[in-house]
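Those sequence lines, one after another, are chains A and B. Be aware that the first sequence starts at 1, since it is given in full-length UniProt numbering, and climbs by one per residue. Be aware that the second sequence starts at 1, since it is given in full-length UniProt numbering, and climbs by one per residue. Ideal Cβ placement from N, Cα and C applies to all residues, glycine included. I have placed the structure first, in the form of structure tokens, so that the comments after it can refer back to it.
2 protein chains.
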Amino acid sequence: MYNEKDEKYLDCINNVAHVGHCHPDVVEAGAKQMELLNTNSRFLHDNLVLYAQRLQATLPEKLSVCYFVNSGSEANDLALRLAWQYTGHKDIITLENAYHGHVSSLIDISPYKFQQMACAEPSQHVHVALSPDIYRGKYCEDHPDPATAYAENVKDIIEQAHKKGRKIAAFIAESLQSCGGQVIPPVGYFQKVAQHVRNAGGIFIADEVQVGFGRVGTHFWGFQIQGEDFVPDIVTMGKPIGNGHPMSCVITTREVAESFMSSGMEYFNTFGGNPVSCAIGLAVLDVIEKEDLQGNALHIGGYLTRLLYDLKKRHLLVGDVRGRGLFIGLDLVRNRDKRTPATAEAQDVIYRLKEQRILLSADGPHRNVLKFKPPMCFSREDAELVVEKIDQILTDLEKTLGLQMSEAVISENGHTKRKEPSDENGLVHPSIGSSHKNTGTLPHDKKTKKRLKT
Amino acid sequence: MYNEKDEKYLDCINNVAHVGHCHPDVVEAGAKQMELLNTNSRFLHDNLVLYAQRLQATLPEKLSVCYFVNSGSEANDLALRLAWQYTGHKDIITLENAYHGHVSSLIDISPYKFQQMACAEPSQHVHVALSPDIYRGKYCEDHPDPATAYAENVKDIIEQAHKKGRKIAAFIAESLQSCGGQVIPPVGYFQKVAQHVRNAGGIFIADEVQVGFGRVGTHFWGFQIQGEDFVPDIVTMGKPIGNGHPMSCVITTREVAESFMSSGMEYFNTFGGNPVSCAIGLAVLDVIEKEDLQGNALHIGGYLTRLLYDLKKRHLLVGDVRGRGLFIGLDLVRNRDKRTPATAEAQDVIYRLKEQRILLSADGPHRNVLKFKPPMCFSREDAELVVEKIDQILTDLEKTLGLQMSEAVISENGHTKRKEPSDENGLVHPSIGSSHKNTGTLPHDKKTKKRLKT
Numbered sequence: 001m002y003n004e005k006d007e008k009y010l011d012c013i014n015n016v017a018h019v020g021h022c023h024p025d026v027v028e029a030g031a032k033q034m035e036l037l038n039t040n041s042r043f044l045h046d047n048l049v050l051y052a053q054r055l056q057a058t059l060p061e062k063l064s065v066c067y068f069v070n071s072g073s074e075a076n077d078l079a080l081r082l083a084w085q086y087t088g089h090k091d092i093i094t095l096e097n098a099y100h101g102h103v104s105s106l107i108d109i110s111p112y113k114f115q116q117m118a119c120a121e122p123s124q125h126v127h128v129a130l131s132p133d134i135y136r137g138k139y140c141e142d143h144p145d146p147a148t149a150y151a152e153n154v155k156d157i158i159e160q161a162h163k164k165g166r167k168i169a170a171f172i173a174e175s176l177q178s179c180g181g182q183v184i185p186p187v188g189y190f191q192k193v194a195q196h197v198r199n200a201g202g203i204f205i206a207d208e209v210q211v212g213f214g215r216v217g218t219h220f221w222g223f224q225i226q227g228e229d230f231v232p233d234i235v236t237m238g239k240p241i242g243n244g245h246p247m248s249c250v251i252t253t254r255e256v257a258e259s260f261m262s263s264g265m266e267y268f269n270t271f272g273g274n275p276v277s278c279a280i281g282l283a284v285l286d287v288i289e290k291e292d293l294q295g296n297a298l299h300i301g302g303y304l305t306r307l308l309y310d311l312k313k314r315h316l317l318v319g320d321v322r323g324r325g326l327f328i329g330l331d332l333v334r335n336r337d338k339r340t341p342a343t344a345e346a347q348d349v350i351y352r353l354k355e356q357r358i359l360l361s362a363d364g365p366h367r368n369v370l371k372f373k374p375p376m377c378f379s380r381e382d383a384e385l386v387v388e389k390i391d392q393i394l395t396d397l398e399k400t401l402g403l404q405m406s407e408a409v410i411s412e413n414g415h416t417k418r419k420e421p422s423d424e425n426g427l428v429h430p431s432i433g434s435s436h437k438n439t440g441t442l443p444h445d446k447k448t449k450k451r452l453k454t
Numbered sequence: 001m002y003n004e005k006d007e008k009y010l011d012c013i014n015n016v017a018h019v020g021h022c023h024p025d026v027v028e029a030g031a032k033q034m035e036l037l038n039t040n041s042r043f044l045h046d047n048l049v050l051y052a053q054r055l056q057a058t059l060p061e062k063l064s065v066c067y068f069v070n071s072g073s074e075a076n077d078l079a080l081r082l083a084w085q086y087t088g089h090k091d092i093i094t095l096e097n098a099y100h101g102h103v104s105s106l107i108d109i110s111p112y113k114f115q116q117m118a119c120a121e122p123s124q125h126v127h128v129a130l131s132p133d134i135y136r137g138k139y140c141e142d143h144p145d146p147a148t149a150y151a152e153n154v155k156d157i158i159e160q161a162h163k164k165g166r167k168i169a170a171f172i173a174e175s176l177q178s179c180g181g182q183v184i185p186p187v188g189y190f191q192k193v194a195q196h197v198r199n200a201g202g203i204f205i206a207d208e209v210q211v212g213f214g215r216v217g218t219h220f221w222g223f224q225i226q227g228e229d230f231v232p233d234i235v236t237m238g239k240p241i242g243n244g245h246p247m248s249c250v251i252t253t254r255e256v257a258e259s260f261m262s263s264g265m266e267y268f269n270t271f272g273g274n275p276v277s278c279a280i281g282l283a284v285l286d287v288i289e290k291e292d293l294q295g296n297a298l299h300i301g302g303y304l305t306r307l308l309y310d311l312k313k314r315h316l317l318v319g320d321v322r323g324r325g326l327f328i329g330l331d332l333v334r335n336r337d338k339r340t341p342a343t344a345e346a347q348d349v350i351y352r353l354k355e356q357r358i359l360l361s362a363d364g365p366h367r368n369v370l371k372f373k374p375p376m377c378f379s380r381e382d383a384e385l386v387v388e389k390i391d392q393i394l395t396d397l398e399k400t401l402g403l404q405m406s407e408a409v410i411s412e413n414g415h416t417k418r419k420e421p422s423d424e425n426g427l428v429h430p431s432i433g434s435s436h437k438n439t440g441t442l443p444h445d446k447k448t449k450k451r452l453k454t
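Written out as structure tokens, the structure reads:
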């Protein structure tokens, strides 16, 4: 990525430019179709059918009906409409810190957004479940079965709702929570939640807007990490789907689609599924396949995670490293025991990286989680460069804060040290260090925040 | 427009391909920018600023803040959010037969859609006002002041809402109603409505998604027909804005935007205002200007309206001709006195035109209004061709139905005949014939409907 002065930036955050900024194959496909025909006058175009078939082939067979729309927000809103119509119920269960889009129906189910408002109460039909976060959540990595425990919370919510005479239409969650702080739900959680929700007559919506299309490395879709025995009722897609072109998709089962159709209300979307969008979507799928970008996400993601894990060994500010493929979070803390979010420090890292022409962002409820979700062509060298720079910045910051590793290193090697788990994909699972008590505060918090606002 | 066999079609309905299908300038601008950069990582791009300035220049000065989004639906949903935040009120007044988009918040305010459902009741916060339709509405062209009468209906609704303790956030209307049946509100209506709504603490949203960008000929925006003394608080744009590229815009006043900002909730839209969309938007504005497409809409629209008016003189099936620029409705009736909608006949016209490779559609609550909203490069020859074909089809249909003009012609020349008004733009204002009592029914209604469903 280059700025207006032709200066090169390393982009570690752009999950929209999925197959790489301005990928020539995608540009060519788009330009070619723009020249030929770009319309939607309710007439069918072959691209639409071809593209629906290709997308469907990446998913379990049950998910077989595609609706093409223009943004992740349009996709999630349509998912809600499908759920409402299919179940005849109204209530939605969403997760703490969830973000599902910017249209009004989605602000309602996005605590990440509505909690920014003065009046932060959810709407009557919205229930907020615990985030299945085993680092900062209620049930952590030391819990014997966090998947079941978090799913039980959903069950409780359903029971409470039923007592009030309310009925559950759907549970919605990102397959891996993005804005919520790069949270990876424990395996098995979705299955258990789905069971509770379906028992209540509701359906399961997997939001893949940020994490889909091979990013998690081992699978094409994030929800597939949960295991082959899990199939959502609706999957929504967005950002990476068109490498920046405004398009998105909702895929659901025949049953849900037929119920929607039987409502008598036709669904029409002016731009959705236009020939140019479909041509671009097809080209993106081709590039992912041709360049084995899912494989790259697996290998480079694994490598990057290991490098970040090494950082954790050297820096007290690093509380947790978690991720799958090229979707990784680095949770910065001021105190490893208390896991105090190092918000200002995270902002400082971002700002200093930007000065060195590396784009990274911080997110999560405390804005302290460094968020890696780069274009999928990210390389070993890119990973090394960004980690090297973060290393230097953390060293500087820790010097300023008076944080010293020696103590922690001792502790890491001592009784509280936990093993560094890694699975067959070379990915490192969440793990935490411990013991150092220093809660450093950056002396220039305010100044940093101000600078970053611009 | 060409089909897959390279057969040429005349497109009379595509207000999305506004400056012409695949206009080379627009394609070039899009392709060029796609090659350079297409991202939105919360970084600014010059195109965004340039485009906002250009759009703003087409509007009254007061409307000065642009939000770029991806579809008319996203635009209208954001308009509602702006209204809710600015006024602190919740209720929305919408028009009969209105259509404002497909996301859930807009289905709520779109009787055109929610009336298709079994449960056709509007939501509690939605109030449906009379459509200001002087051909089929409560106050017709024989009313001394339909603008005031229809606005009084809005005033009554506000008073009723206040009695229930409800508060009005906004009145929303298309500047000219499109799906609702090509309804042209009487001049002065918007001013009076705005006064009532603003007195109640609400704001006025003008939906220009279908009719904006010079289509009405005399003005760049449809609401401007109402006079220079009328300025909406929010204008929403869509379809034609990118000649098929998924993009749209909301423009509002500084006061409304500042109130939204002060809510503490950041507005972010992944694709909205990306450099490619803005490049395309700029190219569309350039083409409209360079090729004087607004002037073309005025002149060819006027010519087409006159040709259609001539049809009315010869065909009993034509109840009304109404329009502005290249936004014209031909209201087909089985009985001119009763104004019985000729729904099946309209569908038959559409179907037969399609057989002759002319694309036209029928809309309105009775689906009997032939809807002209062609690309703005529509020519005299195009106008002549479509009218000639409709002429033949109507002759055929009337023969089948046993409708004869002679009687009507006598009546047209008799005491009930109304003058054919035309303004300085060569446009013909709504006018009706009278007296013929024959209510013909097509013997093959069902068959026609079935064929057209495919």
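What's the C-alpha gap between valine 250(A) and serine 64(A)?
Walking along the first sequence from the start, residue 250(A) turns up at place 250. Walking along the first sequence from the start, residue 64(A) turns up at place 64. Near 10 Å, if we compare the C-alpha coordinates of serine 64(A) and valine 250(A).
So alanine 383(A) and isoleucine 288(A) are in contact, right, with Cβ under 8 Å, and what is the actual spacing, rounded?
Mapped onto the first sequence, residue 383(A) falls at position 383. Mapped onto the first sequence, residue 288(A) falls at position 288. Between alanine 383(A) and isoleucine 288(A) a beta carbon distance of about 19 Å is seen, past the 8 Å cut, so the two are scored as non-contacting.
Would you check if there are 3 or more beta carbon pairs closer than 8 Å linking the segment 268-276 of chain B to the segment 91-104 of chain B?
Output reads no: the segment 91-104 of chain B does not touch the segment 268-276 of chain B.
The segment 15-27 of chain B: positions lying closer than 7 Å to chain A by Cβ:
Residues of the segment 15-27 of chain B that bring their beta carbon within less than 7 Å of a beta carbon in chain A comprise Val16, Ala17, His21, Cys22, Val27, in sequence order.
Where lysine 113(B) meets chain C, residues with beta-carbon distance less than 7 Å:
Among the protein chains in the structure shown, which are A and B, there is no chain C.
Would you call the segment 236-244 of chain B in contact with the segment 17-30 of chain B, where contact means no fewer than 3 C-beta pairs closer than 8 Å?
By the Cβ criterion, the segment 236-244 of chain B is in contact with the segment 17-30 of chain B, since at least three pairs of Cβ atoms, one from each stretch, lie closer than 8 Å.
Chain A within 7 Å of glutamine 116(B), Cβ atoms only:
Locating residue 116(B) in the second sequence gives position 116, counting from the first residue. For glutamine 116(B), the nearest beta carbon of chain A is closer than 7 Å to its own beta carbon.
How close, in whole Å, do the beta carbons of phenylalanine 327(A) and arginine 215(A) come, if the pair is a contact with beta carbons under 8 Å?
As a working mapping, residue 327(A) is identified with position 327 in the first sequence. As a working mapping, residue 215(A) is identified with position 215 in the first sequence. Correct: roughly 5 Å between the Cβ atoms.
Can you list, in chain order, the residues of its chain with a C-beta nearer than 7 Å to that of cysteine 12(A)? Leave out the 5 residues immediately preceding and following it.
Indexing the first sequence from 1 puts residue 12(A) at position 12. So the list reads Ile358, Leu359, Leu360, Phe372, Pro374, Val386, once near-sequence residues are dropped.
Mark methionine 1(B) as exposed unless 16 or more other C-beta atoms lie within 10 angstroms of its C-beta, in which case mark it buried.
Numbered from 1 along the second sequence, position 1 holds the residue referred to as residue 1(B). Its Cβ being crowded by 16 or more others within 10 Å, methionine 1(B) is buried.
Alpha-carbon to alpha-carbon, cysteine 278(B) and valine 187(B):
By 1-based counting over the second sequence, the position of residue 187(B) is 187. By 1-based counting over the second sequence, the position of residue 278(B) is 278. Each residue's alpha carbon lies about 33 Å from the other.
By the 10 Å Cβ neighbour count, where 16 or more other Cβ atoms means buried, how is glutamine 33(B) classified, buried or exposed?
For the purposes of this step, residue 33(B) is taken as the residue at position 33 of the second sequence. Buried.
Does the beta-carbon distance from valine 26(B) to glutamine 182(B) come in below 7 Å?
Within the second sequence, the letter at position 26 stands for residue 26(B). Within the second sequence, the letter at position 182 stands for residue 182(B). No. Outside cutoff.
Nearest by alpha-carbon distance to phenylalanine 190(B): which of His219(B), Glu208(B), Ala147(B), Val211(B) is it?
Taking the second sequence and counting its residues from 1, one reaches residue 190(B) at position 190. When the alpha-carbon of phenylalanine 190(B) is set against those of His219(B), Glu208(B), Ala147(B), Val211(B), the nearest one is in Ala147(B).
Let's test the definition: count the other Cβ atoms within 10 Å of the Cβ of serine 104(B) and tell me whether it reaches 16, buried, or not, exposed.
Locating residue 104(B) in the second sequence gives position 104, counting from the first residue. Under this definition serine 104(B) is a buried residue.
Tell me the rounded alpha-carbon separation between leucine 304(A) and histidine 162(A).
Reading the first sequence from its first residue, position 304 is the one you call residue 304(A). Reading the first sequence from its first residue, position 162 is the one you call residue 162(A). Computed Cα separation, rounded: 45 Å.
DSSP three-state assignment for glycine 242(B), whether helix, strand or coil:
Working through the second sequence from its first residue, we reach residue 242(B) at position 242. DSSP places glycine 242(B) in helix when its eight states are reduced to three.
Between which residues of its own chain and glycine 364(A) is the CB-CB distance below 6 Å, once the five residues before and five after are set aside?
The residue given as residue 364(A) occupies position 364 in the first sequence. Same-chain partners within the cutoff: Gly181.
Does glycine 244(A) have its Cβ less than 7 Å from a Cβ in chain B?
As a first step, residue 244(A) must be located in the first sequence, where it is residue number 244. Yes - at least one Cβ of chain B is within 7 Å of the one on glycine 244(A).
Glutamate 159(B) to valine 256(B) span [Cα, whole Å]:
On the second sequence, position 159 is the one that residue 159(B) refers to. On the second sequence, position 256 is the one that residue 256(B) refers to. Roughly 24 Å between the two C-alpha positions.
Nearest-angstrom Cα distance between valine 333(B) and serine 379(B)?
Counted from its first residue, the second sequence places residue 333(B) at position 333. Counted from its first residue, the second sequence places residue 379(B) at position 379. Rounded to whole angstroms, valine 333(B) and serine 379(B) show a C-alpha spacing of 28 Å.
For chain B, is any of its Cβ atoms less than 7 Å away from the one on alanine 31(A)?
Locating residue 31(A) in the first sequence gives position 31, counting from the first residue. Yes, contact with chain B.
Classify aspartate 337(A) as helix, strand or coil using the three-state DSSP reduction.
Sequence index remark: in the first sequence, residue 337(A) carries index 337 (1-based). In the three-state scheme derived from DSSP, where H, G and I count as helix and E and B as strand, aspartate 337(A) is classed as coil.
Return the CA-CA distance between isoleucine 280(B) and alanine 29(B), expressed in angstroms with no decimal places.
In the second sequence, residue 280(B) corresponds to position 280, counting from 1. In the second sequence, residue 29(B) corresponds to position 29, counting from 1. Taking the straight line joining both Cα atoms gives about 6 Å.
Applying a beta-carbon distance threshold of less than 7 Å, which residues of chain B neighbour leucine 80(A)?
Stepping through the first sequence from its first residue, residue 80(A) is reached at position 80. By Cβ distance, chain B contributes Ser104.
With a threshold of 7 Å between beta-carbons, can proline 122(B) be considered close to chain A, or not?
As a position in the second sequence, residue 122(B) is number 122, starting the count at 1. Residue-level contact check: proline 122(B) does not touch chain A, since none of the beta carbons of chain A fall below 7 Å from its beta carbon.
Counterpart residues of alanine 257(A) in DSSP-defined beta bridges:
Against the first sequence, residue 257(A) aligns to sequence position 257. None; alanine 257(A) has no bridge partner.
For isoleucine 390(A), three-class secondary structure by DSSP
To locate residue 390(A), count along the first sequence from 1; it is residue 390. Isoleucine 390(A) carries a helical assignment under DSSP once its states are collapsed to helix, strand and coil.
Can you tell me whether methionine 405(A) is helix, strand or coil according to DSSP?
As a working note, residue 405(A) is residue 405 in the first sequence. Three-state DSSP puts methionine 405(A) in a helix.
Checking 7 Å against the spacing of the C-beta atoms, do leucine 298(A) and glycine 217(A) come in under that value?
Here residue 298(A) refers to the residue found at position 298 when the first sequence is read from its first residue. Here residue 217(A) refers to the residue found at position 217 when the first sequence is read from its first residue. Contact flag set, yes.
Check the Cβ of phenylalanine 271(B) against every Cβ in chain A and list those closer than 7 Å, keeping chain order.
As a first step, residue 271(B) must be located in the second sequence, where it is residue number 271. Those within 7 Å of phenylalanine 271(B) in chain A are Ser71, Pro246.
Taking the Cβ atom as the reference point for each residue, do glycine 238(A) and valine 284(A) lie within a distance shorter than 7 Å?
The residue you call residue 238(A) lines up with position 238 of the first sequence. The residue you call residue 284(A) lines up with position 284 of the first sequence. Not a contact, by the Cβ cut-off of 7 Å.
Rounded to the nearest angstrom, how far is the Cβ of glycine 273(B) from that of phenylalanine 68(B), given a contact under 8 Å?
Here residue 273(B) refers to the residue found at position 273 when the second sequence is read from its first residue. Here residue 68(B) refers to the residue found at position 68 when the second sequence is read from its first residue. Between glycine 273(B) and phenylalanine 68(B) the beta-carbon gap is near 3 Å, inside 8 Å, which marks them as a contact.
If you reduce the DSSP assignment to three classes, tell me which class histidine 196(B) lands in.
Position 196 of the second sequence, counting from 1, holds the residue named residue 196(B). Histidine 196(B) falls in the helix class under three-state DSSP.
Cβ closer than 7 Å: which chain B residues qualify as neighbours of lysine 155(A)?
Your numbering for residue 155(A) matches position 155 in the first sequence. In chain order: nothing, as chain B lies at least about 27 Å away.
Any C-beta of chain B under 7 Å from that of residue 496(A):
The shown model of chain A, from 1 to 454, leaves out residue 496(A), and the question about it has no answer.
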